[in-house]
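For reference, the structure discussed in these notes is given below.
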Amino acid sequence: MFVSDFRKEFYEVVQSQRVLLFVASDVDALCACKILQALFQCDHVQYTLVPVAGWQELETAFLEHKAQIKLLIKQDDDLEVPAYDDIFRDEEENEEHSGNDSDGSEPSGSEPSEKRTRLEEEIVEQTRRQRQRREWEARRRDILFDYEQYEYHGTSSAMVMFDLAWMMSKDLNDMLWWAIVGLTDQWVHDKITQMKYVTDVGILQRHVSRHNHRNEDEENTLSVDCTRVSFEYDLCLALYQHWSLHDSLCNTSYTAARFKLWSVHGQKRLQEFLADMGLPLKQVKQKFQSMDISLKENLQEMIEESATKFGMKDMRMQTFSIHFGFKHKFLASDVVFATMSLMENPEKDGSGTDHFIQALDSLSRSNLDKLYLGLELAKKQLRATQQTIASCICTNLVISQGPFLYCSLMEGTPDVALFSKPASLSLLSRHLLKSFVYSTKNRRCKLLPLVMAAPLNAEQGTVTMVGIPPETDSSDRKNFFGRAFEKAAESTSSRTLHNHFDLSVMELKAEDRSKFLDALVSLLS
């Protein structure tokens, strides 16, 4: 059911009910949940949070709780949902419409020739109806195939929830920040196009101006512990304000791939880049907060100017930052990396639900210690990502399977446990594909997608498989692996598990991996 009128069909309904919030395990859904929590608590609406891993668990939860599904979408989102008449047929209506007008009785004075003529007409009409039905079914299959073939993402769910709060006149600055983090999560994980990101940034920028506008006089000065959200152009360097500039350059996918830091030549190019900026290594390798103020004041301009000389023209991007007083500042991408690391923490000292709740708590300014813990985990994750990429490229683990590239992480690989979860493995796969394209002279590799496998549970002998679209594909409906994985799983084994919201993620037994890949090659060839 599509909900177009938030106030009438959603908000006033949940006010009198107990609400079950089924939330996906990604940062965007996490932020949407946070907004809904704040909104519901305003009117003391009773709710239950149910974090789920994937579609099968979601289906079980809905059957257990007999919940009604309501779909909230932006009206300008083009989902291209097929028309009802193109997918469903009312058999009774069709039979009545296509049937004979007569009651089947023959006139008493009918001649045999008239009976033969009527019988021939009925046969012709029945043949025509059968041909029309076959054509309709063929057209229906084509429509469903086009609709289900690609996996894509619409507007951030956190943004949709913020629109709900805004329409209720209950939007707060904290809610706006969570909407920003949700959108940034889509951008960091390459779920939306550059055009979509810039458009949505423009929408949120207007809300930021509305919430954080003040006149520069004594009566409107901000208190020392206030929350301020601001729009700005900042560097595309991961966690650089909480790290050293050298570590950030080495562990950001954009710079690591273009410098080819897995090679000796790439390390030399990085040194040349730093020398071109005139930054001493002593300053670059210490914490960003400890760098000389004179260097930090013009750092963005210096990096952007030198990056252009080295062929990196996209070193800055539109983003947002939040200040908690004068001490704590975070970019939206910082929070995305931190919360994702908390949610997919591989440590076994807590369940998936515990990690989910911890990540949810880190979004509140009262739990900055958890956010800083997430930043440390994110640094570990990014280091392991680049080290794994270097290992895969230097040992030629990325191989061609014909219609796609394939890479498998073996049990015992350093930090392999960090990539057992879908978001972390997907991020590694995208960064690996980007780096591999820059490392190879084979131009065809730019047009090939990547399938990657990593151990999931050694005791159960399971692996996680993800599919990544080609590096050169910039369309919004670009990942076709969801449908392909489903078809390959059907012909492989009943032990495969499509248990994630991203359909391009699959769990299967290690011994079924070869069969699955063979089926996938056959489908995509």
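Read in the working numbering, the sequence shown has 887 at position 226, and its numbers run on one by one without any break. The C-beta atom is built at its ideal place from N, Cα and C for all residues, glycine as well.
Item                                                                                                                                                            : Value
So, with DSSP's three-state summary, where would you put R889?                                                                                                  : strand
Between the alpha carbons of E965 and L1003, how many angstroms are there, rounded?                                                                             : 32 angstroms
Out of H868, Q928 and Y894, which has the shortest C-alpha to C-alpha gap to L642?                                                                              : An answer regarding residue 642 cannot be provided, because it is not within the stretch 662 to 1186 covered by the chain.
Considering only the beta carbon of each residue, do P1110 and M1071 sit closer than 9 angstroms?                                                               : no
With a CB to CB cut of under 7 angstroms and the five nearest residues on each side skipped, what residues in its chain are close to M836?                      : I696, A699, F823 and A826
Enumerate, from N- to C-terminal direction, the unbroken alpha helix (DSSP H) stretches of 4 or more residues contained entirely within the segment 906 to 955. : 906 to 912, 914 to 920, 925 to 938 and 942 to 945
Should V890 and N959 be called a contact, given that it needs their Cβ atoms to be closer than 9 angstroms?                                                     : no
With distances taken from CA atoms, which of G1063, T854, D832 and G1073 is nearest S1183?                                                                      : G1063
Report the rounded CA-to-CA distance for V885 versus N873, giving the unit in angstroms.                                                                        : Only weak support is given to the placement of V885: the predicted model assigns it a pLDDT of 46, under 50, and the value that follows is read from those uncertain coordinates. Cα-Cα distance, rounded: 15 angstroms.
Under three-state DSSP, which class holds P1130?                                                                                                                : coil
Would you kindly report the start and end of the unbroken beta strand (DSSP E) that includes S982?                                                              : R977 to F985
Can you give me the start and stop residues for the beta strand (DSSP E) that Y1067 sits inside?                                                                : L1066 to S1069
Since S914 contacts K1095 with CB under 8 angstroms, what's their CB separation in whole angstroms?                                                             : 6 angstroms
For a test of your reading of the model: does the CB of R1174 fall under 8 angstroms from any non-hydrogen atom of the ligand SAM? Yes or no.                   : Absence of the ligand SAM from the depicted structure is noted, as is the absence of any ligand whatsoever, leaving it without description.
Write down the C-beta distance between P1131 and K1107 rounded to the nearest angstrom, noting that I regard them as a contact closer than 8 angstroms.         : 7 angstroms
Would you mind sorting T1133 into buried or exposed? The rule is 16 or more other CB atoms within 10 Å of its CB.                                               : exposed
Name the residue from T845, R802, K831 and A840 whose alpha carbon lies nearest to the alpha carbon of M820.                                                    : A840
Determine the DSSP secondary structure at S804, reduced to helix, strand or coil.                                                                               : Checking the displayed sequence, the identity of residue 804 turns out to be Ile instead of Ser. Looking at I804 - three-state DSSP - the assignment turns out to be helix.
Which residue wins for smallest C-alpha separation from S1100, given the options A744, W923 and I748?                                                           : W923
Quick check on E877: does DSSP put it in helix, strand or coil?                                                                                                 : Its pLDDT being 46, under 50, E877 is placed unreliably by the model, and the measurement read from it follows with that caveat. Residue state, collapsed to three classes: coil.
Determine whether the beta carbon atoms of H907 and L942 lie at a separation below 9 angstroms.                                                                 : yes
Does the distance from the CB of V862 to the CB of V996 come in under 9 angstroms?                                                                              : no
For T1056 and E1005, I'd like the C-alpha separation in whole angstroms.                                                                                        : 27 angstroms
Looking at S817: is its Cβ nearer than 9 angstroms to the Cβ of L844?                                                                                           : yes
In the DSSP output, what is D895 paired with across the bridge?                                                                                                 : M978
Excluding the 5 residues flanking V1166 on each side, which residues of the same chain have their C-beta closer than 6 angstroms to its C-beta?                 : P1083 and V1127
What does DSSP give as the partner residues of V1124 in its beta bridges?                                                                                       : P1116 and L1169
Determine the extent of the beta strand (DSSP E) in which H989 is found, giving its start and end residues.                                                     : H989 to L992
Alpha carbon to alpha carbon, what distance is there between W848 and T1074?                                                                                    : 29 angstroms
DSSP state of I1060, grouped into three classes?                                                                                                                : strand
Tell me where the alpha helix (DSSP H) around W904 begins and ends.                                                                                             : No alpha helix (DSSP H) contains W904, which DSSP labels as neither H nor E.
Per DSSP, L1111 forms a beta bridge with which residues?                                                                                                        : L1066 and I1129
Going by beta-carbon coordinates alone, are V688 and D846 separated by less than 9 angstroms?                                                                   : yes
With distances taken Cα to Cα, identify the nearest neighbour of S1027 among K946, H926 and C887.                                                               : C887
Can you tell which of R1105, Q1042 and M856 has its C-alpha closest to the C-alpha of F1065?                                                                    : R1105
Excluding the 5 residues flanking L1187 on each side, which residues of the same chain have their C-beta closer than 6 angstroms to its C-beta?                 : Residue 1187 lies beyond the residue range present for the chain, which begins at 662 and ends at 1186; the question has no answer from this structure.
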